[in-house]
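See structure below.
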Amino acid sequence: MTNPPTSLMTTAFKPAASMVYGKGSYVWDENNRKYLDLIQGWAVNVLGHCPDEIINAVDSQVRKLITPSPAFHNEPQKALAERLCKLSGLDQTHLANSGAEANEAAVKLARKWGKLHKSGAYEIITTHNAFHGRTLCMMAASGKAGWDTLYPPQPPGFCKVNYGDIHELESAITDNTVAIMLEPVQGEAGVIVPPSGYLKAVRDLATKHHLLLILDEIQTGMGRTGHYFAYQAEDIRPDILTLGKGLGGGVPISAVVAAEHACVFQPGDQGGTYNGNPLMCAVANAIVAAVCTPEFMRQVNQATLKLDEQLSALHTQHRLAEIRGKGLLQAIEFDQPVAEKIRDIAMHNGLLINAPRPTTLRLMPALNITESEIEQAVYLLENAITAACT
Ligand SMILES: *Cc1c(COP(=O)(O)O)cnc(C)c1O
């Protein structure tokens with residue numbers, strides 16, 4: 028094992044290993060140790076590590092045009108915007124580089140809309156334990172414990188309610204409220220699935236009170252839950268949708284997609300040097316083309332069934348507290364704080380798995396994970412649970 032690099036600022040505890048090479052569901056470190064990867068770039072690599080789709084898209088675009096500057100249109104950007112509008116049922120797209128940046132743009136749209144159409148209302152209701160990114164404003168929008176006091180002062184304009192409680196949400200609405208912003212499933216909180224009917228009720232509430240509904244699908248979008256976007260399972264549509272993570276399949280790109288009435292940016296209102304650069308857009312086009320098809324969704328749902336079946340067997344044998352999730356975003360809850368120990372043992376045995384909470388493990392495999400890889404992963408996971416819990 029090598030020592031952690033002393034020239035890097037320490038922002039998180041990390042194992043000493045450095046990752047060097049990846050293919051599909053596997054990744055190798057500098058000592059050539061192979062891992063079956065259920066973290067996949069943090070729910071990012073929807074087609075696994077280094078898929079041909081990305082290699083080919085980068086290879087052909089990098090020879091044509093990398094960045095003409097944000098002052099000009101480019102072909103991959105136009106194609107991607109069209110694709111996302113068509114798939115989402117929304118009207119216009121703005122492209123950015125990270126999830127947090129897309130959420131910032133969504134908040135700017137909402138505040139501008141409030142200025143134009145709601146007498147200057149600017150407050151956005153978000154939820155406790157939500158995760159919307161790490162810019163100062165998105166830390167204020169997020170409901171992560173401790174974040175409210177980490178970098179004072181906190182930007183104002185956000186108010187928090189409990190996730191899943193529609194009555195509390197309605198009581199929090201004031202004349203100052205302009206939007207409700209939430210995740211269809213809270214990812215970083217540990218894969219918290221709201222009560223059934225909640226998203227639909229939130230949609231109705233937003234409509235009734237003339238508010239915008241912003242859905243942060245940075246983690247749940249791009250096929251992760253078995254639909255192109257999670258809201259499509261609920262038969263609703265947000266006014267503003269944010270995408271990231273899986274959209275680039277491993278490269279940094281994000282998007283804000285909005286319904287016509289919420290598309291209130293005017294020239295000069297928003298921008299960024301790399302926004303909509305052709306290289307990242309070419310990759311996202313290749314990812315969207317591969318992932319957002321009925322056949323691919325069928326495969327995701329097939330893999331989900333296999334994972335569910337394997338995890339239920341684990342559930343009965345090891346008396347786990349709970350298994351929950353949607354599609355290929357699943358969590359295992361323990362009644363003891365053993366998740367980090369299991370994660371470490373699993374890594375030692377060649378399985379990468381995330382522990383977002385001391386009692387929670389999260390599985391976010393590539394969406395094209397095979398049934399035998401699922402069996403292998405659950406086998407390694409079971410060994411780690413047994414080792415950690417005895
Ligand atoms: C990861 C994530 C973000 C932040 O995305 P970054 O690319 O890290 O800025 C925002 N919202 C949700 C739901 C996420 O999972």
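Under the working numbering, the first residue of the sequence shown is numbered 28, with each subsequent residue one higher.
Beta carbons are placed, not taken as given, at the ideal position from N, Cα and C, and that holds for glycine.
Only a predicted model underlies this, so the values are computations on that prediction, with no experimental measurement involved.
7 Å CB neighbourhood of residue i in its chain, flanking five on each side removed
{"i": "residue 174", "result": "166"}
{"i": "residue 132", "result": "121, 123, 283 and 297"}
{"i": "residue 320", "result": "none"}
{"i": "residue 52", "result": "63, 64, 75, 392, 393, 396 and 400"}
{"i": "residue 389", "result": "217, 218, 358, 381 and 383"}
{"i": "residue 164", "result": "131, 134 and 182"}
{"i": "residue 407", "result": "63, 373, 376, 377 and 378"}
{"i": "residue 323", "result": "250 and 317"}
{"i": "residue 226", "result": "211, 258, 261 and 263"}
{"i": "residue 348", "result": "360, 361 and 362"}
{"i": "residue 115", "result": "256, 268 and 284"}
{"i": "residue 327", "result": "250, 253, 354, 355 and 394"}
{"i": "residue 88", "result": "103, 305, 306 and 309"}
{"i": "residue 199", "result": "152, 186 and 188"}
{"i": "residue 112", "result": "118, 119, 120 and 284"}
Sequence-distant residues of the same chain with beta carbon closer than 6 Å to residue i, five excluded per side
{"i": "residue 28", "result": "Low confidence applies here, because residue 28 scores a pLDDT of 47, under 50, leaving its location unreliable and the question unanswered by this model."}
{"i": "residue 153", "result": "168, 185, 187 and 208"}
{"i": "residue 352", "result": "218 and 358"}
{"i": "residue 94", "result": "304"}
{"i": "residue 419", "result": "For the chain, the structure presents residues 28 to 417; residue 419 sits outside this window and is missing."}
{"i": "residue 160", "result": "126, 127 and 130"}
{"i": "residue 57", "result": "45 and 47"}
{"i": "residue 81", "result": "276 and 310"}
{"i": "residue 170", "result": "154, 155, 156, 157 and 187"}
Among the options, nearest to residue i - alpha-carbon criterion
{"i": "residue 162", "options": "151, 170 and 128", "result": "128"}
{"i": "residue 78", "options": "31, 157 and 394", "result": "394"}
{"i": "residue 107", "options": "213, 35 and 303", "result": "303"}
{"i": "residue 236", "options": "82, 202 and 249", "result": "202"}
{"i": "residue 330", "options": "308, 404 and 301", "result": "404"}
{"i": "residue 279", "options": "69, 32, 402 and 48", "result": "69"}
{"i": "residue 157", "options": "190, 145 and 67", "result": "190"}
{"i": "residue 150", "options": "180, 224 and 205", "result": "205"}
{"i": "residue 92", "options": "309, 368 and 350", "result": "309"}
{"i": "residue 223", "options": "199, 262, 238 and 215", "result": "262"}
{"i": "residue 197", "options": "299, 96 and 234", "result": "234"}
{"i": "residue 414", "options": "402, 370 and 385", "result": "370"}
{"i": "residue 294", "options": "98, 50, 33 and 41", "result": "98"}
{"i": "residue 220", "options": "192, 178, 416 and 239", "result": "192"}
{"i": "residue 117", "options": "265, 139, 229 and 142", "result": "265"}
{"i": "residue 50", "options": "199, 38, 231 and 67", "result": "67"}
{"i": "residue 338", "options": "314, 301, 315 and 412", "result": "412"}
{"i": "residue 142", "options": "336, 238, 34 and 38", "result": "238"}
{"i": "residue 73", "options": "385, 54, 350 and 314", "result": "314"}
{"i": "residue 402", "options": "368, 335, 147 and 364", "result": "335"}
Beta-ladder partner(s) of residue i, from DSSP
{"i": "residue 334", "result": "Residue 334 pairs with nothing; no bridge assigned."}
{"i": "residue 381", "result": "389"}
{"i": "residue 351", "result": "358"}
{"i": "residue 281", "result": "123"}
{"i": "residue 51", "result": "76"}
{"i": "residue 206", "result": "151 and 239"}
{"i": "residue 61", "result": "55"}
{"i": "residue 219", "result": "213"}
{"i": "residue 46", "result": "56"}
{"i": "residue 276", "result": "278"}
Cut-off 8 Å between Cβ atoms - residues of its own chain near residue i, not counting five sequence neighbours on either side
{"i": "residue 312", "result": "84, 103, 106, 107 and 110"}
{"i": "residue 409", "result": "341, 344 and 345"}
{"i": "residue 387", "result": "217, 218, 358, 359, 360, 361 and 366"}
{"i": "residue 247", "result": "210, 211, 212, 214, 256, 257, 353 and 356"}
{"i": "residue 195", "result": "188 and 189"}
{"i": "residue 101", "result": "92, 95, 303, 304, 305 and 308"}
{"i": "residue 71", "result": "272, 273, 275, 276 and 277"}
{"i": "residue 299", "result": "97, 123, 124 and 128"}
Should the region 257-271 be regarded as contacting the region 240-248, the criterion being three or more beta carbon pairs within less than 8 Å? yes
Quick one: which unbroken beta strand (DSSP E) runs of 3-plus residues sit fully inside the region 162-188? Chain order, please. 185-188
Complete runs of the alpha helix (DSSP H) confined to the region 225-271 [at least 4 residues]: 225-235
Should the region 285-300 be regarded as contacting the region 133-147, the criterion being three or more beta carbon pairs within less than 8 Å? yes
As an exercise, report each continuous beta strand (DSSP E) stretch of at least 3 residues that is fully enclosed by the region 79-112, in chain order. none
Would you mind listing the alpha helix (DSSP H) stretches within the region 277-325 that are 4+ residues and don't spill past its ends, in chain order? 305-318
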